[in-house]
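K.L.:
Take this structure, written in structure tokens, and hold onto it; I'll ask about it next.
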Amino acid sequence: MIRSTMALRNTVRQPRRTFLLGGAIAFGVVVICLVSGFSSGMEVAVQNNVTLYSGGHILVNGMSFAGGSGGTGSGFGGAGRAQNRITDATFAGKVSELLPEATSIAPAAQAQATIVFGSREQQLRVRGVEWKSDRLFTESLVLSGGSWEAVAADRSILLGSQSARRFGLGLGDTVFVKLSTASGQQNVTEYTVTAVYEDSAAGGMSTALVPLDNLLADLGLKDGAYQSLAIFLPDASKADEAAASLAEGLRAAGLTATAGFGSQAASIAAGTGSGVQGGTRQGGGLRSGGVPPAVFPGAIAGANARAGGTIYRITTITQLSGQMGTVLGSVRWIGMTIFAIMLVLTAAGITNTYRMVLMERTKEIGMLRCIGFRRKDIFRIFVYEAILIATGGSLAGILLSLPTGLLVHLIPMNPSGALGSALSRGHLLFSPDLLSYIFVVFAVAAASVIAVSGPARKASRLLPVEALRQTA
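Using this note's numbering, you'd call the opening residue of the sequence shown number 96 and step up by one each time.
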């Protein structure tokens, strides 16, 4: 008890030195906490935005093969025309049985379309939404005009603010939507603009939203057919594990399913290609608009890849995040590097400071040894003092990082820029983590103990007579 009391007294009796050393530690901790908080926030924002783009934590896309001139044998050569659709009325039930933890399993559809208004046109992804049951968009998007009730009306379309400004559109205007149907035909339909959402609140997303039934009809998907299943889980981080389990379960049920993500499958899942792909085999590949074997690698030779069968490709938000996930990984590594550098600098500062302290307290150490303090007592006083300063500086740094992070969060960012997918409602998301803070405090304290060990050991080895003689 007396050792810790003396350590506390030593920190108080030299407030300037304590303040400077603790301030240096606090500054390092502020930097560490800001990097950690914003990298975690960017990861959360990317996950939320990818969920918004894709419409679910897991997507199951179906590729059905209609009869073609190539015959009906197994393999892609006998598959004939390939169409992005699921026709099995029991498929959603099978998925529900295999993923009982899923919070939502719903049909989905999307297409790359051309929006036409007067003499202007723009390529946009169009997504079908079941407004009565879907809460993803209503809870994530911010309307700048119109209402959610109006969006649910038949033949209504919800556009992003950038698209609306580019067209000069207002509520009640009619636009034409051109897209390809399941049979490869061009279809043109009318929609009425009933609402506009802020792109900045959607991570730069530029997607037109329409009622699901309307889009399915435009794509020529009838009799309960749909393009994909959108699955939501209680924990999005378990998406990859759940996708692998789902693929295994579907294969065990005799279906052809793969869990993975190829560059061309990405265009289907993310809607960057035609919403419904159609084509026939010709020579070594497919005609324009067809689906090459690379889209569903390893599954083409399966029994369901013949005419009338369906191949199921399962993708997750982790796979859809793609390059942005790599960037965030780099940010985390940068954060760890900064953390390591700050620890080294902190340790160096503490070591140099306590070398000076040792010189100043030589006489005091000699007197303490004369009145009965042992070597380990002197050593522990130095260590306790370093721990107190390190812990106080760390806590001060954490407390300072919170308002700093929140202030940076308030700065508006460009949602269409390089960091658009990592923004939340047009702002960097600061996500403090209690476990990270606890780790920082213990890591800084441990570095301080290691740094002060040298001077403390030297102080404990001073002979009382020599210490008093040096300062006499």
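All C-beta atoms in this analysis are idealised placements derived from N, C-alpha and C, irrespective of residue type, glycine included.
Could you check which residue in I473, I326, V535 and T413 has the C-alpha nearest to that of A201?
P.N.:
Ranking I473, I326, V535 and T413 by Cα distance to A201 puts I326 first.
K.L.:
Put G378 into one of helix, strand or coil per three-state DSSP.
P.N.:
Low confidence applies to G378: its pLDDT is 36, below 50, so where it sits in the model is not reliable, and the reading given next is rough at best. Reduced to three states, the DSSP call for G378 is coil.
K.L.:
Check for me: the beta strand (DSSP E) holding N282 runs from which residue to which?
P.N.:
Q281 to Y292 is the span of the beta strand (DSSP E), which, as asked, contains N282.
K.L.:
On the DSSP bridge assignment, give the partners of S159 in chain order.
P.N.:
Its beta-bridge partners are Q178 and T405.
K.L.:
Got a sec? Which residues, its chain only, sit under 6 Å from G378 by beta carbon, not counting five neighbours each side?
P.N.:
Low per-residue confidence applies at G378: pLDDT is 36, beneath 50, and the placement is therefore not dependable enough to give any value.
K.L.:
Just checking my contact of V439 with V547 at CB under 8 Å: how many whole Å lie between their CB atoms?
P.N.:
Actually they do not touch by this definition, with Cβ atoms about 15 Å apart.
K.L.:
Please confirm if the stretch 305-320 is in contact with the stretch 236-253, defined as three or more CB-CB distances below 8 Å between the two stretches.
P.N.:
Touching, per the Cβ criterion.
K.L.:
Could you check the C-alpha separation between G315 and T276 for me, to the nearest Å?
P.N.:
About 5 Å.
K.L.:
Please list the segments of the alpha helix (DSSP H) lying wholly inside the stretch 230-275, counting only runs of 4 or more residues, in order along the chain.
P.N.:
You should have 231-235, 243-246 and 256-262.
K.L.:
How many angstroms separate the CA atom of A491 from the CA atom of R408?
P.N.:
If I take the Cα positions, the gap works out to 50 Å.
K.L.:
Beta-carbon within less than 7 Å of I482's beta-carbon, same chain only, minus the 5 sequence neighbours each way: which residues are those?
P.N.:
Hits under 7 Å: A540, S543 and V544.
K.L.:
Would a C-beta distance cut-off of 8 Å place K273 and V224 closer than the cut-off?
P.N.:
No, these two residues do not count as a Cβ contact at 8 Å.
K.L.:
Identify, in the order they occur along the chain, each residue of the same chain with its Cβ nearer than 8 Å to the Cβ of K227, setting aside the five sequence neighbours on each side.
P.N.:
Closer than 8 Å at Cβ, skipping near neighbours: A247.
K.L.:
Go ahead and label E138 buried or exposed: buried means 16 or more other beta carbons lie within 10 angstroms of its beta carbon, across all protein chains shown.
P.N.:
The residue in question, E138, is buried, as its Cβ has 16 or more Cβ neighbours within 10 Å.
K.L.:
Have a look at L530 and T432 and give me their C-alpha separation to the nearest angstrom.
P.N.:
When rounded, the distance between both Cα atoms is 19 Å.
K.L.:
On the DSSP letters alone, give me the boundaries of the alpha helix (DSSP H) that L530 sits inside.
P.N.:
Residues L529 to S555.
K.L.:
Just mark Q178 as buried or exposed, buried being the case when its beta carbon has 16 or more other beta carbons within 10 Å.
P.N.:
It is buried - the Cβ of Q178 has at least 16 other Cβ atoms within 10 Å.
K.L.:
At a cut of 8 Å, does the stretch 281-288 reach the stretch 258-267 through at least three beta carbon pairs?
P.N.:
Touching, yes, given that three or more Cβ pairs across the two stretches are closer than 8 Å.
K.L.:
Nearest to L328 by CA position, among G430, T410, E196 and R250, is which residue?
P.N.:
Of G430, T410, E196 and R250, the residue nearest in Cα terms is E196.
K.L.:
What does the Cβ neighbour count give for S149, buried or exposed, with the cut at 16 atoms within 10 Å?
P.N.:
Burial call: buried.
K.L.:
Taking its Cβ as the centre, do 16 or more other Cβ atoms sit within 10 Å of D313, making it buried, or is it exposed?
P.N.:
Burial call: buried.
K.L.:
I'd like the span of the alpha helix (DSSP H) that includes L523, first residue to last.
P.N.:
Looking at the DSSP string, L523 is not in any alpha helix (DSSP H), and its letter there is neither H nor E.
K.L.:
Cβ atoms of R222 and Q207: under 8 Å apart, would you say?
P.N.:
No. Outside cutoff.
K.L.:
With R220 as the anchor, note down where its beta strand (DSSP E) starts and where it stops.
P.N.:
Counting along the chain, the beta strand (DSSP E) containing R220 begins and ends at R215 to V224.
K.L.:
Please report how far the alpha carbon of R427 lies from the alpha carbon of F537, in whole angstroms.
P.N.:
Answer to the nearest angstrom: the Cα atoms are 20 Å apart.
K.L.:
Measure the C-alpha to C-alpha separation of L558 and V452 and round it to an integer number of angstroms.
P.N.:
L558 and V452: Cα-Cα distance of roughly 17 Å.
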